[in-house]
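Notes follow the structure.
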Amino acid sequence: MSIRSQIDFLKDKLSDDVKIVAVSKFHSAECIAEAYRAGLRIFGENRAQELIAKRKVLPDDIEWHFIGPLQTNKVKDIAPFVHTIQSVDSLKLLQEIDRQAAKQSRIIRILLEIRIAEEESKHGFIPEKCEKILANENVIANFPNIRIGGLMGMATFTEDEEQIRKEFRLLHDLFKDYKSSFFEKCDHFTELSMGMTGDYEIAISEGSTMVRIGSLIFGDRNLCK
Ligand SMILES: *Cc1c(COP(=O)(O)O)cnc(C)c1O
32 MSIRSQIDFL KDKLSDDVKI VAVSKFHSAE CIAEAYRAGL RIFGENRAQE
82 LIAKRKVLPD DIEWHFIGPL QTNKVKDIAP FVHTIQSVDS LKLLQEIDRQ
132 AAKQSRIIRI LLEIRIAEEE SKHGFIPEKC EKILANENVI ANFPNIRIGG
182 LMGMATFTED EEQIRKEFRL LHDLFKDYKS SFFEKCDHFT ELSMGMTGDY
232 EIAISEGSTM VRIGSLIFGD RNLCK
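Residues 32 to 256 (our numbering) are what the sequence shown spells out, left to right.
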């Protein structure tokens with residue numbers, strides 16, 4: 032299966048208003064270029080150094096999303112160009128992204144990552160913590176170089192579809208709740224980033240606006256060139 036035919040297959044399954052983030056971590060710049068030629072423009076990476084190296088050799092109009100755990104000392108490396116940081120799960124990270132974005136005279140869009148999965152290993156804010164920060168920190172006024180664009184979450188890695196559905200539904204409920212409580216006057220709190228290769232169809236049926244798809248487009252990461 033070629034990358035192009037996989038993308039066509041995926042696009043057939045999604046309505047036009049659902050955005051595809053092609054998760055290209057571990058795959059070569061050549062593979063990314065192939066997906067780019069097939070029409071994709073949003074790519075997701077989870078390591079700062081890998082992202083920086085690939086960006087150098089790929090077209091400028093790619094919208095790069097950072098989707099992995101991010102150390103605060105790495106923020107400055109991606110701040111000059113990153114479009115969206117989807118994996119923001121601490122106040123410290125919010126502060127540092129705002130600071131580095133200001134240095135670059137940029138506004139960086141971020142998504143708040145919420146822990147919806149059962150696994151302890153998964154990253155993200157627990158909902159109560161996120162809510163507390165939104166309620167107490169006046170994030171919109173205090174972080175002028177950040178635009179909070181919505182929420183991101185990863186479901187538990189399981190065969191149990193009902194479990195996955197329940198977790199995505201929880202994230203959608205939080206999204207609606209935060210939107211009305213904290214972002215009512217903001218027209219940019221719009222994205223609900225959920226769904227990967229194994230669970231994107233469930234995510235879509237639960238209201239996802241943005242899927243993050245790696246293996247389905249590029250193949251198995253263990254076999255990559
Ligand atoms: C790797 C990764 C994906 C894509 O996973 P696939 O199962 O290959 O589609 C999506 N989101 C995050 C945060 C990831 O780290």
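For glycine and all other residues, C-beta sits at the position ideal for the given N, C-alpha and C.
Does DSSP classify residue i as helix, strand or coil?
i: Lys87; result: helix
i: Ser46; result: coil
i: Arg146; result: coil
i: Lys256; result: The pLDDT assigned to Lys256 is 48, lower than 50, so where the model puts this residue is not dependable; a value taken from the coordinates is nonetheless given after this. Lys256 falls in the coil class under three-state DSSP.
i: Ser239; result: coil
i: Phe156; result: strand
i: Gln59; result: Contrary to the premise, residue 59 reads as Ser rather than Gln in this sequence. DSSP places Ser59 in coil when its eight states are reduced to three.
i: His203; result: helix
i: Asp108; result: helix
i: Glu162; result: helix
i: Asp191; result: coil
i: Asp230; result: coil
i: Ala64; result: helix
i: Asp39; result: helix
i: Asp251; result: coil
i: Leu101; result: coil
i: Lys210; result: helix
i: Ala79; result: helix
i: Glu198; result: helix
i: Ile34; result: helix
Among the residues of its own chain, which have a CB less than 7 Å from the CB of residue i, if the five just before and after it don't count?
i: Lys153; result: Arg146, Met185
i: Thr187; result: Ala148, Glu149, Glu150, Gln194, Ile195, Glu198
i: Ala60; result: Lys85, Val88, Leu89
i: Ile63; result: Ser55, Phe74, Lys85, Leu89
i: Gln37; result: Leu247, Ile248
i: Asp108; result: Ala79, Ile83
i: Met32; result: none
i: Glu192; result: Ile233
Among all the DSSP beta bridges, which residues are the ones paired with residue i?
i: Ala53; result: Phe74, Ile244
i: Thr115; result: His96, Arg140
i: Gly180; result: Paired residues: none, contrary to the question.
Among the residues of its own chain, which have a CB less than 6 Å from the CB of residue i, if the five just before and after it don't count?
i: Phe206; result: Leu182, Leu223
i: Asn77; result: Lys56, Ile98, Gly99
i: Glu65; result: Ile34
i: Gly75; result: Val52, Val54, His96, Ile98, Arg243
i: Gln117; result: His96, Ile98, Leu142, Met183, Ser224
i: Thr115; result: His96, Arg140
CB-CB under 8 Å to residue i, same chain, minus the five flanking residues each way: which ones, in chain order?
i: Lys105; result: Ala79
i: Leu122; result: Ile164, Glu168
Can you give me the start and stop residues for the beta strand (DSSP E) that residue i sits inside?
i: Leu223; result: 222 to 224
What are the boundary residues of the alpha helix (DSSP H) that residue i is part of?
i: Asn173; result: 170 to 173
i: Gln126; result: 122 to 134
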